[in-house]
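Data first, discussion second: the structure below is written as structure tokens.
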Amino acid sequence: MKLSISALATGYEQLTEVNDECECRSFYEKHKAMKVAAAALGEEWKVSVVRIRGDDVHQDAVRKPLNQEGKKPRTRAPVSQCLVILRVLQHKRLHFALKKQCTKKNKEVAEYDKLLA
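Dropping the structure here:
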């Protein structure tokens, strides 16, 4: 995982490579603009306090391949206002699966009631 740490007052920016996910746990589940101690990143960051900034939401977008014969392969992504991330698609599939399961169960109950009547 790469972290871009910058000091706005001086214009200094450093790209830090983090190999262990445990080092980044102090940054998880934090809101934007929260200040977090960066001591977990190592000795050089022991006295530093960093502020959480936004990430690139376009990385999570599902890209649709547009391949045509004789042309260069391209992909298309939705505009940033209506991004569809993988988690949303997963919830959508789960919702439809539960709906199908409920419908199937109701049909079985109706058939059983017919047999009893």
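Numbering (the working numbering), first residue to last: 1 to 117.
Here a beta-carbon is modelled for each residue, glycine too, at the ideal position from N, C-alpha and C.
On a predicted model such as this, the values are computed, not experimentally measured, just so you know.
- Short of 6 Å from the beta carbon of Leu66, and not among the five residues preceding or following it, lie these beta carbons of its own chain, in chain order: Arg74, Arg76.
- The C-beta of Ala38 has 16 or more other C-beta atoms within 10 Å across all chains shown, which makes the residue buried.
- In this chain, the alpha helix (DSSP H) harbouring Lys99 covers 86 to 116.
- Take Ser48, set aside five residues on each side of it, and the residues of its chain with a beta-carbon closer than 6 Å to its own are Ala38, in chain order.
- Going by beta carbons, Cys22 and Met1 fall outside the 8 Å limit.
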